[in-house]
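Residue numbers are given in our numbering: position 1 of the sequence shown equals residue 41, and the series is strictly consecutive.
Glycine residues also receive a C-beta, built at the ideal position from the N, C-alpha and C atoms.
This one's a predicted model, so the numbers in the text were calculated from it and none came from an experiment.
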Amino acid sequence: MDERNKWLNAVEKFRIDINTSIKCPHWDKGYLITKDVAFDDNEIDKGGERFIECPACGKFEVVLYRIHPENWYSKNNANDLS
């Protein structure tokens, strides 16, 4: 599977289970972390972006959610990408 498809697979796995453990699609060593950023912090149910990043190599993917998954915003306090 090429790297792009591995990233798309990671996006889908996190959509289903935000607590899943996924190795970095770029170098297959570090583990990915997530952070959800709402369009409006006062109305997080209106969607936003999910940042998926490998803290080891710095590669990342951004997913736009207008209709967010059930686990939207659930790990923001556990992982900090800032």
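query	result
Closest Cα partner of residue 86 within the set 102, 66 and 109	109
Residue 92 (DSSP reduced to helix, strand or coil)	strand
Closest residue to residue 97 among 88, 67, 81 and 79 (Cα-Cα distance)	67
Terminal residues of the beta strand (DSSP E) in which residue 100 lies	100-105
Alpha-carbon spacing of residue 91 relative to residue 100, whole angstroms	7 Å
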